[in-house]
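See structure below.
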Amino acid sequence: MPRPGAIPGVAGARARLYPFATTFRPGHRLVTELSNDEPLSDAHDALLPPDAFHLPVGRPVTHKIYRDAAHPSRLVLPFTVR
506 MPRPGAIPGV AGARARLYPF ATTFRPGHRL VTELSNDEPL SDAHDALLPP DAFHLPVGRP
566 VTHKIYRDAA HPSRLVLPFT VR
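For the working numbering, count along the sequence shown from 1 and bump the result up by 505.
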């Protein structure tokens with residue numbers, strides 16, 4: 506898989522995941538949500554640290570998420586053994 510930024514016109518992005526403990530069993534799904542300039546809307550969002558909403562605001566922004574054979578995506582998570 507190419508490194509982020511190795512494909513012309515495609516930049517990599519990193520998002521910090523804050524520590525938490527859970528077990529992801531086979532069949533579980535993870536969701537990555539990108540948001541921009543949205544107010545805190547519920548009790549869950551209020552628990553997030555101030556820098557959780559790190560995307561630029563104040564101007565129109567378009568984010569394209571590539572996920573095909575020519576533009577592979579990945580989500581790297583830590584793995585621990587009990």
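Heads up, the beta-carbon is just placed ideally off N, CA and C, and yes, glycines get one too.
Can you grab the Cα-Cα spacing for the pair Val586 / Tyr571, in whole Å?
Cα to Cα, Val586 sits roughly 31 Å from Tyr571.
Taking the DSSP output, what are the residues bridged to His576?
His576 pairs with Asp573.
Please report the distance separating the alpha-carbon of Ala574 from that of Leu580.
15 Å
Would you tell me roughly how many angstroms separate the C-alpha atoms of Lys569 and Pro577, rounded to the nearest one?
13 Å
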